[in-house]
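2 is the number of the first residue of the sequence shown in the working numbering; add one for each residue after it.
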Amino acid sequence: MTLFRVTSNLKRARPFMSLRRSRSRNISSSTDVQLKLKTDAQSIFHAALGAVSPQEMVKNNLLFRQNILSIKDHEYIVDKNVSVVAFGKAVLGMAKAVEDVLGDQIVRGVASIPVGLPRAIKASGNKELIEKSILSELSPIEIIEGAKNNLPDEMAQYAASRIRDVAESMGNQDILMVLISGGGSALLPYPVAGITLEEKLKTIKVLASSGATIHELNTVRKNLSDLKGGKLAKAASPAKVVTLILSDVIGDPLDIIASGPTVPDPSTPADCLEILKKLDVEKKIPDVVIQYLQKSKQKVEKRVKEKLNSFPHVQNVIVGSNRFAVDAAVKKALVLGYAPVVLSTMLSGEARDVGKMFSGAANLAWNGHLSKISPSGKQVLTSNIVDEILTAHHDQKPVCIIGAGETTVTLKGKGIGGRNQEMALALAIDVIEKLEQFCNVENKGGLVLLSAGTDGQDGPNPAAGAMADPYQVTEAREDGLDAKQFLEDNDSFSFYSKFKNGRDLVVTGLTGTNVMDVQILLVSPPS
């Protein structure tokens with residue numbers, strides 16, 4: 002199955018050579034080596050995507066025999082007593098997998114998904130994705146589309162109300178299967194009584210613009226929600242609740258993913274009021290929100306905070322994460338003859354800074370020396386990682402350096418881009434400046450970085466990401482493109498679209514999954 006297109010009409014060029022000698026001659030790529038590296042990078046990324054297919058991840062965790070459903074070390078008696086609720090960008094495939102396993106044992110369900118997702122999947126022409134994602138017309142699971150532009154809206158709130166209805170209808174012998182993936186929080190907006198969705202969103206927006214941490218935002222978000230922070234699980238009690246999670250959050254924290262609707266939340270309204278006071282934003286928050294928190298604080302002041310084991314009726318299972326994708330990438334790299342090195346599954350920070358860190362790793366794999374990197378880069382390139390890369394270098398083996406996580410882009414320009422394309426372009430610019438350090442002999446080596454989103458989306462453009470190599474900046478200059486200017490304007494998509502007619506864009510279309518981003522750095526040192 003081919004999920005992506007990367008055109009590779011690499012032109013004939015001179016071998017990888019010394020930067021000093023190339024001052025008067027353009028640096029060009031060794032066509033055969035670079036083409037192989039880009040082909041291999043695509044294959045490794047494809048393997049990573051295949052490993053986090055929602056359908057496979059769910060089915061790998063479910064065993065249904067003779068009316069007994071086994072999930073990890075738990076067993077459930079099934080007798081047409083299963084309801085399904087789902088919310089997230091990848092839950093269509095998860096719901097289809099559950100339906101394939103349990104069939105008519107499912108009596109009802111609701112799935113809250115992004116606007117236009119079924120139509121986009123059908124329009125993709127990807128038969129396998131369509132087959133594994135689109136529910137039958139006779140499915141008992143109701144599909145509701147909402148959260149346009151990944152923002153909570155009225156349709157998402159309606160879907161959340163239907164999900165709450167299903168949960169509250171559960172009986173003692175029933176099983177509620179909850180399916181969660183990336184984007185789940187925006188698709189499950191259900192404010193507490195007396196507060197409108199607009200008032201809740203304004204509160205969160207004020208906090209975010211005032212420097213609130215992720216933890217603080219989630220604390221307030223959960224206390225103003227009637228489903229998040231474990232309240233969906235409470236609504237379904239005394240039924241058994243089984244939550245299958247495809248994680249899109251670094252470190253897979255259960256209480257953070259979709260704001261933990263089936264995970265106990267120890268925070269209180271008093272905590273929220275302290276956050277508002279600390280940030281000095283009380284006067285900017287809607288009065289009704291302040292009043293609700295103050296009134297609720299009085300009700301729970303004497304309540305003992307819930308412990309993590311206080312939901313005996315709930316089983317939370319991470320069925321997929323970027324760790325699964327990275328493991329598959331490692332296996333594929335070995336098959337292709339590379340020495341795999343895993344940097345981290347928790348990469349974060351500014352995309353261009355991470356790109357420079359990968360440039361430093363490329364230098365190490367190429368020349369055996371570590372160039373100057375930022376303090377954050379040193380936290381990733383630990384002594385153990387450096388030793389692994391040096392071992393491959395000394396053994397003269399091509400190396401595959403793998404990273405995963407989710408970076409950010411601080412917008413300063415007005416261009417079109419995405420964090421993965423920005424990372425790739427940052428590496429292309431940085432590595433050309435390091436060529437003098439590690440590209441000092443004529444050779445047939447090369448390097449490529451592929452950075453792409455596993456959901457097939459990298460910002461407001463059709464690309465999932467891009468591939469970078471040491472020749473892009475010089476070749477682009479020959480074509481009248483200033484790579485540095487594109488990067489400064491946060492216009493990486495425009496750069497890669499114009500450069501060689503989009504040759505190095507990674508375009509997958511919708512993949513049906515979402516476990517953040519994956520980076521594949523391939524380095525074939527000089528022979």
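Cβ coordinates follow ideal geometry from the N, Cα and C atoms, glycine included.
Note that this is a predicted model, so its numbers are computed, not measured.
| Item | Value |
| --- | --- |
| Per DSSP, which one or two residues make a beta bridge with residue 351? | 409 |
| To the nearest angstrom, how far is the alpha carbon of residue 35 from that of residue 473? | 12 Å |
| Is the CB-CB distance between residue 340 and residue 401 below 8 Å? | yes |
| Is residue 82 helix, strand or coil when you go by DSSP? | coil |
| Do residue 414 and residue 348 count as a contact pair if the criterion is CB distance below 8 Å? | no |
| To the nearest angstrom, how far is the alpha carbon of residue 40 from that of residue 523? | 11 Å |
| Rounded to whole angstroms, what is the Cα-Cα separation between residue 305 and residue 244? | Its pLDDT being 47, under 50, residue 305 is placed unreliably in this model, and the value from its coordinates should be taken loosely. Taking the straight line from one Cα to the other gives about 25 Å. |
| Which residue from 513, 480, 485 and 387 puts its Cα closest to that of residue 424? | 485 |
| Between the Cα of residue 141 and those of 110, 152 and 232, spot the shortest distance and give me the residue it belongs to. | 110 |
| Output the residue ranges of the alpha helix (DSSP H) runs that lie fully inside the region 486 to 527 and measure 4 residues or longer, sorted by chain position. | 493 to 499 |
| Please state the DSSP three-state secondary structure of residue 76. | strand |
| If you reduce the DSSP assignment to three classes, tell me which class residue 88 lands in. | strand |
| Run through the region 117 to 204 for me and flag every whole alpha helix (DSSP H) of 4 or more residues, listed as ranges in chain order. | 118 to 124, 128 to 134 and 155 to 169 |
| Evaluate contact between the region 374 to 387 and the region 455 to 470, counting only Cβ atoms and requiring at least three cross-stretch pairs below 8 Å. | no |
| Exposed or buried, residue 210, counting other C-beta atoms within 10 Å across all chains shown (16 or more means buried)? | exposed |
| Looking only at DSSP bridge pairs, what is residue 453 linked to? | 466 and 519 |
| Taking all protein chains shown into account, decide if residue 308 is buried (16 or more other Cβ within 10 angstroms of its Cβ) or exposed. | With a pLDDT of 48 at residue 308, under the threshold of 50, the modelled position of this residue cannot be trusted, and the question is left open. |
| If you check the beta carbons only, do residue 253 and residue 182 fall under 8 Å apart? | no |
| Going by the beta-carbon positions, is the gap between residue 127 and residue 510 smaller than 8 Å? | yes |
| Do residue 247 and residue 179 count as a contact pair if the criterion is CB distance below 8 Å? | no |
| Could you give the DSSP three-state label for residue 345: helix, strand or coil? | strand |
| Please check the pair residue 84 and residue 167, which I expect to be a contact at CB under 8 Å, by giving their CB distance rounded to whole angstroms. | 5 Å |
| Assuming contact is defined by CB atoms lying nearer than 8 Å, are residue 326 and residue 49 in contact in what I supplied? | yes |
| Counting along the chain, where does the alpha helix (DSSP H) carrying residue 247 start and finish? | Note, residue 247: premise wrong, no alpha helix (DSSP H); beta strand (DSSP E) at 241 to 247. |
| Are the CB atoms of residue 136 and residue 102 within a distance shorter than 8 Å? | no |
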